[in-house]
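Residue 362 in our numbering sits at position 280 of the sequence shown; the count goes up by one each step and never skips. Only one structure is covered here, and it is reproduced in the block below.
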Amino acid sequence: MKVLVTGAGGQVGRMLRATCPAAVDLMACTHAELDIGDAAAVRETLKRERPAAIINAAAYTAVDKAESEPERARRINTAAPGYLAAGALECGARLIHLSTDFVFDGQASSPYRPEAPTRPLSVYGTTKRDGERAVLEALTDRAVIVRTAWVYAAEGSNFMRTMVRLMGERGAVRVVADQVGTPTAARPLAEALWQIVARPEIRGIHHWTDAGVASWYDFAVAIAEEGGALGLLPPTVTVTPIATEEYPTPARRPPYSVLDKRSLAALGFTQVHWRQRLRETLKALSHG
Ligand SMILES: NC(=O)c1ccc[n+]([C@@H]2O[C@H](COP(=O)([O-])OP(=O)(O)OC[C@H]3O[C@@H](n4cnc5c(N)ncnc54)[C@H](OP(=O)(O)O)[C@@H]3O)[C@@H](O)[C@H]2O)c1
Numbered sequence: 083m084k085v086l087v088t089g090a091g092g093q094v095g096r097m098l099r100a101t102c103p104a105a106v107d108l109m110a111c112t113h114a115e116l117d118i119g120d121a122a123a124v125r126e127t128l129k130r131e132r133p134a135a136i137i138n139a140a141a142y143t144a145v146d147k148a149e150s151e152p153e154r155a156r157r158i159n160t161a162a163p164g165y166l167a168a169g170a171l172e173c174g175a176r177l178i179h180l181s182t183d184f185v186f187d188g189q190a191s192s193p194y195r196p197e198a199p200t201r202p203l204s205v206y207g208t209t210k211r212d213g214e215r216a217v218l219e220a221l222t223d224r225a226v227i228v229r230t231a232w233v234y235a236a237e238g239s240n241f242m243r244t245m246v247r248l249m250g251e252r253g254a255v256r257v258v259a260d261q262v263g264t265p266t267a268a269r270p271l272a273e274a275l276w277q278i279v280a281r282p283e284i285r286g287i288h289h290w291t292d293a294g295v296a297s298w299y300d301f302a303v304a305i306a307e308e309g310g311a312l313g314l315l316p317p318t319v320t321v322t323p324i325a326t327e328e329y330p331t332p333a334r335r336p337p338y339s340v341l342d343k344r345s346l347a348a349l350g351f352t353q354v355h356w357r358q359r360l361r362e363t364l365k366a367l368s369h370g
C-alpha cells in the first residue's frame, strides 16, 4: 500500500519514517520536497503518485510566532489541509490529519472528548481547528483527524530537549505549574498513526496522547529525575514551579488540555503512561 507522508522532516514525520511497516510503500516528503501550501504541487503530486493514504504531519507549529504572522499560519494549517483533502478526494485516498489540544480553551475539568465544542485561544489553535473543518468538509468518509498534545522526541525542537539543555547549562529551571496536559512521545504516536492507516474503517475525530496527566512542572521534575538516573544530567538540578503569569508568552495556552482517548481505546488502541515513555525517549537521547 502506498502512503504519502507530508512534513517528513518534523518530529512526528521522522518517527513515521522510523516506524513505517514493511508492507507500506512509503513516499515521505519533507517541506523542501512538497510544500503543502502550494495547491498545484499538492494536486500534481497526488495525481501522479495516487497513494492509498496520506498522513499530514506538516504544520506551522510556531505557536507564539503565529500571533504575529497569522496569514502564514492560516495558509499552512487551514488552507493546505483543504488542498490535501481535495487531492485525496480526487485520487481516492484516505487522509489522516494531525491536530492539537490547542483547539480547546482549557476551561474543562475532565478530559476533552473528540466531539466537545472547540474554542481556541490562539492563532495557532484557530488555524488548526479550521484545518480540521476544511478536511472534514471536503472528505467526510475517508478523513481521520488525530488530535494530540505536548509531543516530544529525542530529536527536533521540543520541551524535553530544551529542559535537558537548560538543566545541564544552568542546574536550575523555573517551569509553569498551572497548565496541565499529557506529555506524548512521538514514537508511539507514529505507531498509532500506522495502525490507523491499516484500519480503513476508522474515520472522524480521535484523540491520541500517552496515558496519565502532568503539569509542565511535573514533566520537568520527571526529566530531571530520569535524566539524572541515566547520567544525562547532574543529580542536583532544581526545578521551581511558577505561575503562567510569571512566564508571559504572545499566545495564550489552555490551562487544562487533557484529551479523552476512549474512542481509540474502544478500537483496541492502548497507551502507556507518559513517564515510562519519557524514560525510553531519554534513553534514546543518551544513545543518540
Ligand atoms: N509538537 C507538539 O507538541 C504538538 C502538539 C499537538 C499537535 N501537534 C501536531 O502534530 C503535527 C506534527 O507536529 P510536529 O511536532 O512533528 O511539528 P514539527 O516538528 O514542527 O514538524 C512540522 C513539519 O512541517 C513542516 N512544514 C511546515 N510548513 C510546511 C509546508 N508548507 N509544507 C510542508 N511541510 C511544512 C516543517 O518543516 P520546516 O521546519 O522546514 O518548516 C516541519 O518539518 C502537527 O500537525 C502539529 O500541529 C504537535
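C-beta atoms are modelled at their ideal positions from N, C-alpha and C, and glycine is treated no differently.
Touch check for the stretch 297 to 308 and the stretch 256 to 265: three-plus C-beta pairs under 8 angstroms? yes
Val145: buried (16+ other C-beta within 10 angstroms of its C-beta) or exposed? Around the beta-carbon of Val145, 16 or more other beta-carbon atoms lie within 10 Å, marking it buried.
What do you get for Leu349, buried or exposed, if any count of 16 or more other CB atoms within 10 angstroms of its CB means buried? Counting Cβ neighbours within 10 Å, Leu349 comes out exposed, since fewer than 16 surround it.
Which residues does DSSP list as the beta-bridge partners of Thr230? Thr182
Between which residues of its own chain and Val205 is the CB-CB distance below 6 angstroms, once the five residues before and five after are set aside? Ala148, Glu149, Pro152 and Ala155
Per-residue DSSP class, three states only, for Met109: strand
For the putative contact between Ala306 and Leu315, defined by C-beta atoms under 8 angstroms, what is the C-beta separation to the nearest angstrom? With a Cβ gap of about 6 angstroms, Ala306 and Leu315 count as contacting.
Between the C-alpha atoms of His369 and Thr320, what's the straight-line distance to the nearest angstrom? So the alpha carbons of these two residues sit roughly 25 angstroms apart.
Under the rule that 16 or more other beta-carbon atoms within 10 Å means buried, what is Lys129, buried or exposed? exposed
Check whether the Cβ of Asp117 sits closer than 7 angstroms to any heavy atom of ligand 1, and report yes or no. Answer for Asp117: yes, Cβ within range of ligand 1.
Could you check which residue in Val94, Ile158 and Met109 has the C-alpha nearest to that of Asp117? Ile158
What are the start and end residues of each continuous alpha helix (DSSP H) run of 4 or more residues lying completely inside the stretch 273 to 360, in chain order? 298 to 311 and 344 to 347
Contact belief for Ala90 with Ala110 at Cβ below 8 angstroms, rounded distance in angstroms: 4 angstroms
Where do the N-terminal and C-terminal ends of the beta strand (DSSP E) with Lys147 fall, by residue? Segment: none, Lys147 is in no beta strand (DSSP E) and carries neither H nor E.
Under a Cβ-count criterion, where at least 16 other Cβ atoms within 10 Å of its own Cβ denotes burial, should Met249 be classed as buried or exposed? buried
For Thr363, count the other beta carbons within 10 Å of its own beta carbon; 16 or more makes it buried, fewer makes it exposed. Which is it? So Thr363 ends up on the buried side.
May I ask you to report which of helix, strand or coil DSSP gives Tyr165? helix
Taking 7 angstroms as the cut-off, is the C-beta of Asp187 nearer than that to any heavy atom in ligand 1? no
Under DSSP, the alpha helix (DSSP H) around Arg247 begins and ends at which residues? Phe241 to Arg252
Roughly how many angstroms lie between the CA atoms of Gly164 and Ala333, to the nearest whole one? Whole-angstrom Cα-Cα distance: 25 angstroms.
Start-to-end residues for the alpha helix (DSSP H) that takes in Leu116: From DSSP, Leu116 is part of no alpha helix (DSSP H); its letter is neither H nor E.
Considering only their Cβ atoms, is the gap separating Val262 from Tyr338 smaller than 8 angstroms? yes
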